[in-house]
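J.: In our numbering, the protein residues as written are 49 to 119.
Glycine residues also receive a C-beta, built at the ideal position from the N, C-alpha and C atoms.
What follows is the structure, given as structure tokens:
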């Protein structure tokens, strides 16, 4: 009957390398989620993203003249 040789443990350099790769993958996933939230403008209340329309002018401001473009 043949016996299998004892399993050797993985060297520490390999373990550190795989841990680093795992952290890099987690960071890339987190960056993708973050950028998706930014694109969707899913920020805190009152946050205006880059796709938000400009704020409306106050009602007390005079309307610009169409002839000259000045108020």
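Express the C-alpha separation of residue 78 and residue 57 in angstroms, rounding to a whole number.
T.: About 31 Å.
J.: What is the residue span of the alpha helix (DSSP H) that residue 83 lies within?
T.: Taken as a continuous stretch (DSSP letters only), the alpha helix (DSSP H) holding residue 83 covers 60-87.
J.: Quick check: the Cα distance between residue 70 and residue 51, rounded to an integer number of angstroms?
T.: So the alpha carbons of these two residues sit roughly 34 Å apart.
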